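Engineer: Each residue of the sequence shown is one higher than the one before, counting from 1 in UniProt numbering.
Ideal Cβ positions, reconstructed from N, Cα and C, are used throughout, including at glycine.
Bear in mind that the values here come from a model prediction, so they are computed numbers and not experimental data.
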Amino acid sequence: MSDGATLRRHVESLRQDYRDLQHDQPTVYDHPPTSLEAMRMIHRAHPALIRGCGSDVVLGASEDWDAPETYERVAGDRVVTIAITDDGLADSVRVSEDGSTMFVKALDEQLRMGTFLARLRDADDPEILYLQSQDGNVFRSEPRTPGEEPELAMFQRHIRRDIAWMHEATGATAEAVNLWIGSSRSTTSFHHDPYENIYHVLSGSKTFTLLSPIEGLWLDQIHAERYAYERFSRRVARVAGMNGVILPPGDEEEEAEADGDVGDVWGSEGSGEEWDPREWGR
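#1: Taking the straight line between their C-alpha atoms, what separation do you get for D124 and H223?
#2: Figure out for me which residue from Q16, S2, E63, R44 has the closest Cα to the Cα of H158.
#3: Taking only the alpha-carbon atoms, compute the straight-line gap between P68 and L117 and give it to the nearest angstrom.
#4: Between the segment 42-56 and the segment 74-83, are three or more C-beta pairs nearer than 8 Å?
#5: Only counting runs of 3 or more residues, tell me where the beta strand (DSSP E) segments fall wholly within the segment 28-69, in order along the chain.
#6: Mapping the DSSP letters down to three states, classify P187 as helix, strand or coil.
#7: What is the rounded straight-line gap between the Cα of R51 and the Cα of L89?
#8: Put E142 into one of helix, strand or coil per three-state DSSP.
#9: What ranges does the alpha helix (DSSP H) occupy inside the segment 102-169, keeping only unbroken runs of at least 4 residues that lie completely in it?
#10: Can you list, in chain order, the residues of its chain with a C-beta nearer than 6 Å to that of G250? Leave out the 5 residues immediately preceding and following it.
#11: Does DSSP classify E257 as helix, strand or coil?
#12: If we ignore side chains and look at the alpha-carbon of each, how far apart do L152 and V177 end up?
#13: Can you check which of these residues, A172, K206, A174, W165, is closest to G182 by C-alpha distance?
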């Protein structure tokens with residue numbers, strides 16, 4: 001038997017042993033854990049679902065976090081960084097026409113919170129928006145530059161800096177607290193973080209697809225050059241009946257016909273290792 005075949009057999013045996021010893025569902029806590037339970041949770045290194053921990057995360061109970069108006073009022077006229085894609089796959093591996101792969105970052109634009117939330121609720125918006133800024137957009141251990149405050153610092157009056165039972169269990173302050181807002185049209189690529197992450201859902205729901213580190217060996221991890229979306233400037237003209245348009249030579253053009261009008265949280269930095277979403281479930 002070749003060395004490669006032997007290694008594969010042992011790795012497959014390891015995966016089976018892991019599945020035999022681990023539950024395939026997260027551990028469920030019907031109440032916030034104590035610091036001792038949190039410490040055991042960390043050492044067990046198994047996903048956990050914690051019910052009823054809203055007061056551990058949010059300061060006060062007077063705000064309605066299901067209402068978009070709450071976020072608009074807290075943010076005021078401040079602009080925030082919004083990730084924009086055409087298909088909801090921000091920060092993901094793409095395959096170009098020549099077959100090469102590239103890791104594509106979303107287009108980042110500055111929008112007011114109210115504008116962002118209105119577009120987020122518009123199912124017909126051709127662009128998919130996601131507030132996903134990293135590195136502590138609410139709290140961070142160290143500012144990027146001296147005196148700089150996080151982009152969403154206005155939410156600090158409403159979100160706790162630390163979760164008490166995790167702080168007591170680890171003896172450390174969370175390095176970053178992020179607020180993310182998106183819709184079911186957005187999906188991240190597979191990635192892993194080197195820290196303990198606690199996600200708290202303020203409104204709606206969030207679906208996690210989890211693989212153990214052992215099962216991650218079956219993902220086709222690749223190296224891909226990094227690129228980013230840019231806004232392409234284009235001229236759009238609507239031509240009604242009995243009117244004409246002159247196009248300069250060399251212009252790339254797209255034509256459309258229509259009967260009516262024509263319109264065009266507690267975490268840390270990730271590791272940067274990504275996988276093609278098309279490989280999911282292999």
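Structural biologist: Considering the structure as presented:
#1: 35 Å
#2: E63
#3: 7 Å
#4: no
#5: 48-50
#6: One detail in the question is off: residue 187 reads as Thr in this sequence, not Pro. Note: T187 maps to coil in three-state DSSP.
#7: 29 Å
#8: coil
#9: 113-120
#10: Reliability of the predicted coordinates at G250 is poor, the pLDDT of 38 falling under 50, and the value obtained from them is presented with this limitation in mind. Counting only Cβ-Cβ distances below 6 Å, and skipping sequence neighbours, we find nothing.
#11: Any answer about E257 is weak, because its pLDDT of 39 lies below 50 and its placement is not dependable; what the coordinates show is given next. Coil at E257, not helix or strand.
#12: 10 Å
#13: K206
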